[in-house]
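> My questions all concern the structure below.
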Amino acid sequence: MKNFMWKLSAVTIVVGLLAANPAAAATKLRLSCPSAMNNPTCMPAEVFAKEAERLTNGSLAIQIFPAGQLGKAKEAIQQMQAGIIDIVVESLENYTAYVKDLNIIGWGFAFRDADHFNTFLESPSGDAIFAEMDEKHGMVFLSRNWRKLPRVVVSTKPVFTPENLTGLKFRVPSIPTYIRTWQTLGANPSQVAWADTFQALKTGVVDAMESPFDSVAAQKFHVAAPYVTMTNHVFTAITLAFNAKKFHGLSQDEQAALRTAADKASEYSVELARDSSDDIAKTVMDDGGYIITLKPSAFQKKLRAATDEQEAAGMWRKGLFEEIQKM
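When you line the sequence shown up against my numbering, it's residues 1172 to 1498, in that order.
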């Protein structure tokens, strides 16, 4: 009897310890992020993790692995699908292999501005894309659009119109929609490694490039090519994707807390984008560079025929481009 009472007391002590320290029984989740923790791509992830832990009273503990430690881009996404990683922060454009309609986001000048782009992501068309991700590919997107600054043109000569692009040796990443966009606009696309781009601009190997605006000052591209044109030709979303099996296996309260935490991180990403845009523009001008703003209508007009060709070739479903323009 004494032995039984001792065992019962031991069990009671263990249960009591767990109740006093719920974090000890927390579900641990691994989150992969491609950039350093002080990069605007990953900073919202920290807000998400802390808020999720707070809202669940410690029943969820999210560990962030920054700088692509667990794999980068497609590799990280595949590991998340397989359940090796629980959560992945990545650019939406890295999911085009799963749903072809996402190719539209890499087509130049498809969106008027950031609000138009966000409207598309939150529209029934966007809902259909993300529902397919969940149902067919095992991924739940808690955030569709952590704000990231759009892509711009950096050049050794000012660019105001499509005609200013004619014949320019233009560094473009090896993405088919990107290459076709700049070919159509009259530039001469060139493949240069990202790490070699500054030197290529400085020595005249290329005359211009397209780049995320937040990379311009970070990589000092404006020092080699002082004209930064705010073409905003591609809007990039950073997404928060969760392994579907893992997510649906959590309690309803935990799922709701994760969605709320993701919304909080989204709000923070908007602030980050706004503040960093102002800081980058100031850095460019302080260093003797120029910020050029323009209306995209002339570029859109020149691209229209090629847009129809892309759609006819099956890059995205028929009618999607017009549907977006009416939003």
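Ideal Cβ positions, reconstructed from N, Cα and C, are used throughout, including at glycine.
Are residue 1428 and residue 1227 close, meaning C-beta to C-beta below 8 Å?
On the sequence shown, residue 1428 is found 257 positions in, with the first residue counted as 1. On the sequence shown, residue 1227 is found 56 positions in, with the first residue counted as 1. Yes. Within cutoff.
> Taking only three categories from DSSP, how would you classify residue 1478?
For the purposes of this step, residue 1478 is taken as residue 307 along the sequence shown, with counting starting at 1. The answer is helix: DSSP assigns residue 1478 an H, G or I state.
> Would you check if the segment 1428–1444 and the segment 1287–1301 touch, i.e. whether three or more CB-CB distances between them fall below 8 Å?
With a cut-off of 8 Å, the segment 1428–1444 and the segment 1287–1301 do not count as touching, because too few Cβ pairs lie within range.
> What is the DSSP secondary structure of residue 1193, counted as helix, strand or coil?
Within the sequence shown, the letter at position 22 stands for residue 1193. With a pLDDT of 45 at residue 1193, under the threshold of 50, the modelled position of that residue is not reliable, and the figure given next carries that caveat. Here residue 1193 sits in helix by DSSP.
> What residue range is occupied by the uninterrupted alpha helix (DSSP H) comprising residue 1360?
Within the sequence shown, the letter at position 189 stands for residue 1360. Run containing residue 1360: none in the alpha helix (DSSP H); it sits in the beta strand (DSSP E), 1359–1361.
> Looking at the unbroken alpha helix (DSSP H) that takes in residue 1416, where does it start and where does it end?
Within the sequence shown, numbered from 1, the residue matching residue 1416 stands at position 245. Run containing residue 1416: 1415–1419, per the alpha helix (DSSP H) assignment.
> Are residue 1282 and residue 1406 close, meaning C-beta to C-beta below 8 Å?
One-based indexing of the sequence shown puts residue 1282 at position 111. One-based indexing of the sequence shown puts residue 1406 at position 235. Contact flag set, yes.
> Kindly indicate which three-state DSSP category residue 1402 falls into: helix, strand or coil?
The residue given as residue 1402 occupies position 231 in the sequence shown. Three-state DSSP puts residue 1402 in coil, outside helix and strand.
> In the DSSP assignment, find the beta strand (DSSP E) that holds residue 1230 and state where it starts and stops.
Position 59 of the sequence shown, counting from 1, holds the residue named residue 1230. Segment: none, residue 1230 is in no beta strand (DSSP E) and carries neither H nor E.
> Looking at the structure shown, is residue 1234 part of a helix, part of a strand, or coil, going by DSSP?
Along the sequence shown, one-based indexing puts residue 1234 at 63. In this structure, residue 1234 counts as strand in the three-state DSSP scheme.
> Mapping DSSP to helix, strand and coil, what is residue 1341?
Numbered from 1 along the sequence shown, position 170 holds the residue referred to as residue 1341. Looking at residue 1341 - three-state DSSP - the assignment turns out to be strand.
> Give the secondary structure of residue 1173 by DSSP, where H, G and I count as helix, E and B as strand, and everything else as coil.
Your numbering for residue 1173 matches position 2 in the sequence shown. The pLDDT assigned to residue 1173 is 46, lower than 50, so where the model puts this residue is not dependable, and the model offers no usable value.
> At the level of alpha carbons, what is the spacing between residue 1451 and residue 1422?
For this step, residue 1451 is matched to residue 280 along the sequence shown. For this step, residue 1422 is matched to residue 251 along the sequence shown. Computed Cα separation, rounded: 42 Å.
> DSSP state of residue 1269, grouped into three classes?
Within the sequence shown, residue 1269 is the residue found at index 98, counting from 1. The answer is coil: DSSP assigns residue 1269 none of H, G, I, E or B.
> Helix, strand or coil: which one does DSSP assign to residue 1241?
Translated into positions along the sequence shown, residue 1241 becomes position 70. If DSSP states are grouped into helix, strand and coil, residue 1241 belongs with coil.
> Please state whether DSSP places residue 1356 in a helix, a strand or coil.
By one-based count along the sequence shown, residue 1356 stands at place 185. Reduced to three states, the DSSP call for residue 1356 is coil.
> If you follow the beta strand (DSSP E) that residue 1380 is in, where does it begin and where does it stop?
Position 209 of the sequence shown, counting from 1, holds the residue named residue 1380. Residues 1379–1383.
> Is the segment 1240–1260 touching the segment 1372–1384, taking contact as three or more C-beta pairs under 8 Å?
With the cut-off at 8 Å, the segment 1240–1260 and the segment 1372–1384 do not touch.
> Taking the beta strand (DSSP E) that residue 1310 belongs to, which residues open and close that run?
Residue mapping note: residue 1310 aligns to position 139 of the sequence shown, counting from 1. First-last of the beta strand (DSSP E) with residue 1310: 1310–1318.
> Would you call the CB atoms of residue 1348 and residue 1274 closer than 8 Å?
Here residue 1348 corresponds to residue number 177 of the sequence shown, with the count starting at 1. Here residue 1274 corresponds to residue number 103 of the sequence shown, with the count starting at 1. Yes; because the gap between Cβ atoms is below 8 Å, this pair is in contact.
> Which of helix, strand or coil does DSSP assign to residue 1495?
In the sequence shown, counting from the first residue as 1, residue 1495 sits at position 324. Helix, per DSSP.
> Do you know whose CA, among 1382, 1237, 1462, lies nearest residue 1369's CA?
Along the sequence shown, one-based indexing puts residue 1369 at 198. Considering only alpha carbons, the answer is 1382.
> Kindly list the residues whose CB is nearer than 8 Å to the CB of residue 1193, restricted to its own chain and excluding five residues on each side of it in sequence; keep chain order.
Against the sequence shown, residue 1193 aligns to sequence position 22. With a pLDDT of 45 at residue 1193, under the threshold of 50, the modelled position of this residue cannot be trusted, and the question is left open.
> Using the three-state DSSP reduction, which class does residue 1465 fall into: helix, strand or coil?
What you label residue 1465 is simply residue 294 of the sequence shown in a count that begins at 1. Residue 1465 falls in the coil class under three-state DSSP.
> Could you tell me whether the segment 1356–1363 touches the segment 1383–1391, where touching means 3 or more Cβ pairs closer than 8 Å?
With a cut-off of 8 Å, the segment 1383–1391 and the segment 1356–1363 do not count as touching, because too few Cβ pairs lie within range.
> Return yes when the Cβ of residue 1262 is within less than 8 Å of the Cβ of residue 1409, no when it is not.
Here residue 1409 is taken as the residue at index 238 of the sequence shown, counted from 1. Here residue 1262 is taken as the residue at index 91 of the sequence shown, counted from 1. Against a cut-off of 8 Å, the Cβ pair of residue 1262 and residue 1409 comes out as a contact.
> Where residue 1424 and residue 1418 are concerned, what is the direct C-alpha to C-alpha distance, given to the nearest angstrom?
Mapped onto the sequence shown, residue 1424 falls at position 253. Mapped onto the sequence shown, residue 1418 falls at position 247. One C-alpha to the other measures close to 12 Å.
> Using DSSP with H/G/I as helix, E/B as strand and the rest coil, what is residue 1484?
For the purposes of this step, residue 1484 is taken as the residue at position 313 of the sequence shown. Coil at residue 1484, not helix or strand.
> Starting from the Cα of residue 1276, find the closest Cα among 1465, 1404, 1472, 1320 and give me that residue.
Taking the sequence shown and counting its residues from 1, the one referred to as residue 1276 is at position 105. When only C-alpha atoms are compared, the closest one is 1404.
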